[in-house]
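So the protein lines, in turn, are chains A and B.
So for the first sequence, numbering that gives the first Met the number 0 puts the first residue at 0; every next one is plus one.
So for the second sequence, numbering that gives the first Met the number 0 puts the first residue at 0; every next one is plus one.
Number of protein chains: 2
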Amino acid sequence: MTDSGFSHQRHKPAADLPGARELVIACPPMRSNVNLSRIVRAAGCCGVTRMIVCGRPKIDRKIARDAVDQVEIEFRSSLPPVLKKLKEDGYQLVGLEQATNSQSLYEFPFVPRTVLVVGHERLGIEDGVLNLLDFVVEIPVYGKPLSYNAATATSIALYEYCRQCGSYK
Amino acid sequence: MTDSGFSHQRHKPAADLPGARELVIACPPMRSNVNLSRIVRAAGCCGVTRMIVCGRPKIDRKIARDAVDQVEIEFRSSLPPVLKKLKEDGYQLVGLEQATNSQSLYEFPFVPRTVLVVGHERLGIEDGVLNLLDFVVEIPVYGKPLSYNAATATSIALYEYCRQCGSYK
């Protein structure tokens with residue numbers, strides 16, 4: 000313990016969740032498996048247990064760490080069919096994207112039963128998926144570059160979801 | 000424009016800031032220049048213009064993008080002298096770390112004039128720096144792995160600072 004009362008605690012226990020996280024993360028085919036693996040790690044930290052990923056990308060265990068044991072990843076050939084099914088199951092479909100009519104992440108009220116739809120690093124969310132979304136949120140940017148890295152943006156949106164919906168002991 | 004009214008907008012203009020960001024980011028010698036470069040990119044997105052970095056690490060322009068033209072990076076041999084000076088100049092020193100007596104980032108009220116002190120990927124914030132801090136904040140974690148990547152954690156803390164202190168038009 001330092002004089003200030005602060006002392007580094009490696010591997011502090013996780014906070015309890017009142018129940019299973021209802022959040023699902025849906026990713027298009029990504030340009031970078033590094034970004035995808037980083038998203039898996041952040042999802043693990045947030046207590047997420049379900050991700051939908053397009054194609055058959057390799058998740059890098061050195062990046063995703065033991066999130067790979069917690070997050071169940073469903074591989075699909077495309078997003079629209081599974082998104083339609085999730086919508087029928089009562090999920091709200093929220094895209095993360097700089098788009099026309101996107102709302103600031105600051106003010107967007109998440110519902111627990113949400114699918115967070117991530118955009119491709121360069122191409123964003125394709126029109127066939129945009130058409131299915133209930134809302135699109137974006138993270139305010141104040142300088143250059145004019146957008147966050149896709150994995151960083153996803154991690155920030157996950158944080159905001161947890162801040163609103165999570166419990167912290 | 001899609002039927003839903005959502006359409007991808009690449010390079011949407013940045014939000015205006017009422018004045019220069021007062022936030023300063025202070026980094027110890029980091030294990031990974033990739034992480035450091037990712038922090039520079041996120042800092043750029045947040046409108047940050049000043050970072051203090053230990054040693055003479057190479058910032059990867061392909062990762063940091065044009066943040067390298069906006070964020071002025073001061074290279075120092077160690078953090079304590081410059082942190083003491085910043086404290087005298089009225090900055091609040093806030094560490095980002097899982098530590099004893101750390102507060103949840105959810106509830107921590109940032110003041111605009113803040114130095115965000117980042118921890119080393121493995122070693123966290125060293126005791127000589129912890130001793131100088133006014134507060135330590137941590138991001139709640141709900142699953143595995145039990146901690147965020149250092150650059151991801153920093154980006155999330157920057158987001159929370161901007162959410163509280165930033166303006167969004």
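The C-beta atom is built at its ideal place from N, Cα and C for all residues, glycine as well.
This one's a predicted model, so the numbers in the text were calculated from it and none came from an experiment.
Buried/exposed call for residue i, threshold 16 Cβ in 10 Å
{"i": "Gly-46 (chain A)", "result": "buried"}
{"i": "Ala-63 (chain A)", "result": "buried"}
{"i": "Ser-76 (chain A)", "result": "exposed"}
{"i": "Asp-88 (chain A)", "result": "exposed"}
{"i": "Asn-148 (chain B)", "result": "buried"}
{"i": "Glu-159 (chain B)", "result": "buried"}
{"i": "Pro-27 (chain A)", "result": "buried"}
{"i": "Asn-34 (chain B)", "result": "buried"}
{"i": "Arg-37 (chain A)", "result": "buried"}
{"i": "Ser-3 (chain A)", "result": "buried"}
{"i": "Glu-106 (chain A)", "result": "exposed"}
{"i": "Ala-66 (chain B)", "result": "buried"}
{"i": "Pro-144 (chain B)", "result": "buried"}
{"i": "Lys-168 (chain A)", "result": "Caution applies to Lys-168 (chain A), whose pLDDT of 36 falls short of 50 and renders its modelled position unreliable; the model cannot decide the point."}
{"i": "His-10 (chain A)", "result": "exposed"}
Per-residue DSSP class, three states only, for residue i
{"i": "Cys-171 (chain A)", "result": "Because residue 171 (chain A) is not part of the residues shown, which for chain A are 0 to 168, the question remains open."}
{"i": "Gln-91 (chain B)", "result": "strand"}
{"i": "Ile-124 (chain B)", "result": "coil"}
{"i": "Leu-115 (chain A)", "result": "strand"}
{"i": "Ile-62 (chain B)", "result": "helix"}
{"i": "Tyr-141 (chain B)", "result": "coil"}
{"i": "Tyr-158 (chain B)", "result": "helix"}
{"i": "Arg-40 (chain A)", "result": "helix"}
{"i": "Ala-19 (chain B)", "result": "coil"}
{"i": "Cys-164 (chain A)", "result": "helix"}
{"i": "Asn-130 (chain B)", "result": "coil"}
{"i": "Val-81 (chain A)", "result": "helix"}
{"i": "Ala-14 (chain A)", "result": "coil"}
{"i": "Asp-2 (chain A)", "result": "coil"}
{"i": "Val-67 (chain B)", "result": "helix"}
{"i": "Val-47 (chain B)", "result": "coil"}
{"i": "Val-33 (chain A)", "result": "helix"}
Residue i and residue j closer than 8 Å at C-beta
{"i": "Val-117 (chain A)", "j": "Leu-132 (chain A)", "result": "no"}
{"i": "Gly-94 (chain B)", "j": "Phe-5 (chain A)", "result": "yes"}
{"i": "Cys-164 (chain B)", "j": "Pro-139 (chain A)", "result": "no"}
{"i": "Val-114 (chain B)", "j": "Ala-19 (chain B)", "result": "no"}
{"i": "Cys-44 (chain B)", "j": "Gly-123 (chain A)", "result": "no"}
{"i": "Val-70 (chain B)", "j": "Ser-101 (chain B)", "result": "no"}
{"i": "Ala-156 (chain B)", "j": "Leu-104 (chain B)", "result": "yes"}
{"i": "Met-50 (chain B)", "j": "Val-39 (chain B)", "result": "yes"}
{"i": "Ala-150 (chain A)", "j": "His-7 (chain B)", "result": "no"}
{"i": "Pro-79 (chain B)", "j": "Gly-127 (chain B)", "result": "yes"}
{"i": "Asn-32 (chain A)", "j": "Thr-1 (chain B)", "result": "no"}
{"i": "Ser-154 (chain A)", "j": "Ser-154 (chain B)", "result": "yes"}
{"i": "Arg-112 (chain A)", "j": "Glu-21 (chain A)", "result": "yes"}
Cross-chain neighbours of residue i in chain A, by beta carbon under 8 Å
{"i": "Ser-154 (chain B)", "result": "Tyr-147, Thr-151, Ser-154 and Ile-155"}
{"i": "Gly-123 (chain B)", "result": "His-7 and Arg-9"}
{"i": "Ala-13 (chain B)", "result": "Val-140, Tyr-141, Gly-142, Lys-143 and Leu-145"}
Paired residues, beta bridge with residue i - DSSP
{"i": "Gln-102 (chain B)", "result": "B:Val-136"}
{"i": "His-7 (chain B)", "result": "A:Ala-98"}
{"i": "Cys-26 (chain A)", "result": "A:Val-52"}
{"i": "Arg-75 (chain A)", "result": "A:Cys-53"}
Contact set between residue i and chain B, taken where Cβ atoms lie within less than 9 Å
{"i": "Cys-164 (chain A)", "result": "What Cys-164 (chain A) touches in chain B: nothing, since even the nearest Cβ is about 11 Å away."}
{"i": "Asn-130 (chain A)", "result": "Thr-1, Asp-2, Ser-3 and Phe-5"}
Per-residue contacts from residue i into chain B (C-beta, under 8 Å)
{"i": "Gln-69 (chain A)", "result": "Gly-142 and Lys-143"}
{"i": "Arg-64 (chain A)", "result": "Lys-143 and Pro-144"}
{"i": "Arg-37 (chain A)", "result": "Asn-148 and Thr-151"}
{"i": "Val-135 (chain A)", "result": "Phe-5"}
Where residue i meets chain A, residues with beta-carbon distance less than 7 Å
{"i": "Leu-16 (chain B)", "result": "Tyr-141"}
{"i": "Arg-40 (chain B)", "result": "Pro-144 and Asn-148"}
{"i": "Ala-98 (chain B)", "result": "Phe-5, Ser-6, His-7 and Gln-8"}
{"i": "Asp-126 (chain B)", "result": "Thr-1"}
{"i": "Gly-89 (chain B)", "result": "By Cβ distance, chain A contributes nothing, its closest Cβ being about 19 Å from Gly-89 (chain B), past 7 Å."}
Closer than 9 Å at the beta carbon, the chain A residues around residue i
{"i": "Thr-113 (chain B)", "result": "Correct list: empty, because the minimum Cβ distance to chain A is about 15 Å."}
{"i": "Cys-26 (chain B)", "result": "Ordered by position in chain A, no residue passes the 9 Å Cβ test against Cys-26 (chain B), which lies about 16 Å from the chain."}
Proximal chain E residues relative to residue i, where beta-carbon distance stays under 8 Å
{"i": "Tyr-160 (chain A)", "result": "The chain labelled as chain E is not found among the protein chains of the depicted structure, namely A and B."}
Proximity test, residue i beta-carbon vs the ligand NAD heavy atom, cut-off 7 Å
{"i": "Arg-64 (chain B)", "result": "Ligands in the displayed structure: none, and consequently the ligand NAD is not present."}
Beta-carbon neighbours of residue i, restricted to chain B and to distances below 7 Å
{"i": "Cys-53 (chain A)", "result": "Those within 7 Å of Cys-53 (chain A) in chain B number zero; the least Cβ separation is about 17 Å."}
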